[in-house]
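K.L.:
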Amino acid sequence: MRVLVVGSGGREHALCWKLKSSPLLTKLWCAPGNAGIADAAECVAIGAENVDELLAFAQANAVDLVVVGPEAPLVLGLADKCRAAGIKVFGPSAAAAELEGSKGFMKDVAAKAGIPTAWYGRFTDMDKAKAFIRAKGAPIVVKTDGLAAGKGVVVAMTLDEALGAVDMMMGDKVFGAAGDELVIEEFLDGEECSFFALCDGKTALPLVAAQDYKRVGDGDTGPNTGGMGAYSPAPVVTDSIQAEIMERSILPLVKTMAEMGKPYTGVLFAGIMVTKDGPKLLEYNVRFGDPECQVLMARLESDLLPVLAAGAEGRLAGVELTWSDDVALVVVMAARGYPGSYEKNTVIGGLDGAARVEGVTVLHAGTGTKDGQVVATGGRVLGITARGKTVAEARERAYKAVDALDWPGGFCRRDIAWRALARN
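The numbering of the sequence shown is the working numbering, which starts it at 1 and goes up by one.
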């Protein structure tokens, strides 16, 4: 099969790295890719949101399967255009991708499907939003309705913080048009996890759960980021919890979307809070998580390519996956200053030494090349991914690789998987 992966982050490097090992693969491209992906795939200089150019490339190069990494091209209709042109694509239609494109739409669908989730309100008027917050009290969660690169969420522990979030999102337009509408919802207390399932419009195949770390600083301090690390398996997701998530949060969604004439094809990422009353849905995303994808691909022993093709062709029923019992853990190396402003084009040394650490794969996110050297071009730059028999072993290997890097312009959290270690 000739495959095109769309995107340029750590998630896409993980997908390319895994697809590269498939005996079914004859050619692998990635658009636009990054410095690390270039070792696994031929990088094509087309931006992930240039859907017409991507379609033209797929047609010109007889691509058999398009695998879409990020959410933006899905919301823009890349999957629709591929299907209309007769090209197989793993990813939802624009109509189905509204599950991530609009948090209000997602909450409405969850309510329609009877999925356990937080109560909520949708607002396009600041005064009404603030009145709702005052009536409900804190803690409370304020979200932009539209896409904000994973950062349009404020978990407000005080009324002032919640009211300030409304001013920031809707008044100051910090996230642009994404804040034209807000979703304000109940604060759910418990332990959070990321759960993934592959969907083909009719059925869903569970993957494994992971736990990620959103805040920038050790001890879960500082602002939210796109994700500073993750590990899998997530001990909080027992077999019975997984069964409950599938039964109450995944399968009803697939059924309801099909009934709405918006069948869901692709990977469904459910953010779940495991509360004292059981698992409750926080949100759906319409793509693999980043950095969760890195640990999923590290643990997946099955050939990924035929499974994605089965999802694209509507024949996931009966597919089974094999997973390693190992723990996989990823530590994200970010540019100093992230998630605020950060310096670009700093040189990253020591990559070979980091990759030589046992059990470690260095996955690239925001990287490029300049004068023959690998440089940091984004906020989240590397995903140091390690496997081990235990959480402690995987973590030790990951941080050993981090310490082998020579990159003064970078930093990472030093406490990834603290929840699992504390549990042990």
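From the three backbone atoms N, C-alpha and C, an ideal C-beta is built for every residue, glycine too.
Give the single residue among K280, L74, E343 and V319 whose Cα lies nearest to the Cα of E192.
P.N.:
It is K280.
K.L.:
Residue range of the beta strand (DSSP E) that I140 falls in?
P.N.:
Per DSSP, I140 belongs to the beta strand (DSSP E) from I140 to T144.
K.L.:
If you draw a straight line from the C-alpha of L316 to the C-alpha of V374, how long is it?
P.N.:
Taking the straight line joining both Cα atoms gives about 39 Å.
K.L.:
Residue range of the beta strand (DSSP E) that T203 falls in?
P.N.:
Neither: T203 is in no beta strand (DSSP E) and is coded neither H nor E.
K.L.:
By DSSP, does L440 sit in helix, in strand, or in coil?
P.N.:
Since the displayed the chain opens at 1 and closes at 424, residue 440 lies outside it and no answer follows.
K.L.:
Assuming V267 and F288 make a contact with CB atoms under 8 Å, what is their CB distance in whole Å?
P.N.:
About 5 Å separates the two Cβ atoms, so the contact holds.
K.L.:
What does DSSP give as the partner residues of E42 in its beta bridges?
P.N.:
W29, per the DSSP bridge assignment.
K.L.:
May I ask you to report which of helix, strand or coil DSSP gives Y264?
P.N.:
DSSP places Y264 in coil when its eight states are reduced to three.
K.L.:
Output the distance between the C-alpha atoms of G219 and R419, rounded to the nearest integer angstrom.
P.N.:
Rounded to the nearest angstrom, the two C-alpha atoms are 10 Å apart.
K.L.:
Report, in whole angstroms, the separation of the C-beta atoms of G77 and A365, which I expect to be a contact under 8 Å.
P.N.:
The pair is not a contact, with the Cβ atoms about 25 Å apart (cut-off 8 Å).
K.L.:
With DSSP collapsed to three states, give me the class of M169.
P.N.:
Helix.
K.L.:
From T369, A258 and R414, pick the residue whose C-alpha is nearest to that of G33; which is it?
P.N.:
Among T369, A258 and R414, the Cα nearest to that of G33 is on T369.
K.L.:
Using three-state DSSP, classify G10 as helix, strand or coil.
P.N.:
Three-state DSSP puts G10 in a helix.
K.L.:
Under the three-state reduction of DSSP, which class applies to C293: helix, strand or coil?
P.N.:
Three-state DSSP puts C293 in a helix.
K.L.:
Report buried or exposed for N345, applying the criterion of at least 16 other Cβ atoms within 10 angstroms of its Cβ.
P.N.:
Classification for N345: exposed.
K.L.:
In this structure, how does DSSP classify I250 when only helix, strand and coil are distinguished?
P.N.:
Correct three-state label for I250: helix.
K.L.:
Can you check whether the CB of V360 is closer than 7 Å to the CB of V330?
P.N.:
The answer is no: Cβ separation not under 7 Å.
K.L.:
Using the Cα positions of L15 and C293, report the straight-line distance between them to the nearest angstrom.
P.N.:
Each residue's alpha carbon lies about 8 Å from the other.
K.L.:
Compute the Euclidean distance between the alpha carbons of L205 and P235, then round it to the nearest angstrom.
P.N.:
About 20 Å.
K.L.:
Quick one: measure Cβ to Cβ for A48 and A31, integer angstroms, because I've assumed they're closer than 8 Å.
P.N.:
So it is a contact: roughly 7 Å between Cβ atoms.
K.L.:
Whole angstroms are fine: how far does the CA of A230 sit from the CA of E186?
P.N.:
The straight-line gap from Cα to Cα measures roughly 25 Å.
K.L.:
Taking P181 as the reference, which of V237, A38 and G171 has the closest Cα?
P.N.:
Residue identity differs from the one stated: residue 181 is Glu in this sequence, not Pro. It is G171.
K.L.:
Express the C-alpha separation of A60 and F196 in angstroms, rounding to a whole number.
P.N.:
Going from the Cα of F196 to the Cα of A60 covers about 33 Å.
K.L.:
Per the contact definition of three or more C-beta pairs closer than 8 Å, is the region 159-168 in contact with the region 93-111?
P.N.:
Because the criterion of three Cβ pairs below 8 Å is not met, the region 93-111 and the region 159-168 do not touch.
K.L.:
Are the CB atoms of G349 and P263 within a distance shorter than 7 Å?
P.N.:
No, they are not a contact pair.
K.L.:
Mind checking who Y120 pairs with in its DSSP beta bridge?
P.N.:
Its beta-bridge partners are E185.
K.L.:
In whole angstroms, what is the alpha-carbon distance linking D325 and R387?
P.N.:
Straight-line Cα distance between these residues: approximately 10 Å.
K.L.:
First and last residue of the beta strand (DSSP E) that includes F90?
P.N.:
Note, F90: beta strand (DSSP E), K88 to F90.
K.L.:
According to DSSP, N224 sits in a beta bridge with which residue or residues?
P.N.:
DSSP output for N224 lists R215 as bridge partner(s).
K.L.:
For the region 294-379, list the alpha helix (DSSP H) runs that are entirely contained and at least 4 residues long, ordered along the chain.
P.N.:
Here the runs fully enclosed are 304-313 and 351-355.
K.L.:
Give every residue of the same chain whose Cβ lies closer than 7 Å to the Cβ of E98, excluding the five residues on either side of it in the sequence, and list them in chain order.
P.N.:
Within the same chain, E98 has close Cβ partners F105.
K.L.:
Please report the straight-line C-alpha distance between Y338 and L382, rounded to a whole angstrom.
P.N.:
Roughly 13 Å separates the two Cα atoms.
K.L.:
Taking only three categories from DSSP, how would you classify T256?
P.N.:
T256 falls in the helix class under three-state DSSP.
K.L.:
Give the single residue among G261, V254, I272 and D80 whose Cα lies nearest to the Cα of Q242.
P.N.:
Closest option to Q242, Cα to Cα, is I272.
K.L.:
Report the residue from G227, V155 and R397 whose alpha carbon sits nearest the alpha carbon of G353.
P.N.:
Looking at the Cα atoms, R397 is the closest of the given residues.
K.L.:
Return yes when the Cβ of A178 is within less than 7 Å of the Cβ of G146, no when it is not.
P.N.:
Result yes, Cβ atoms of G146 and A178 sit closer than 7 Å.
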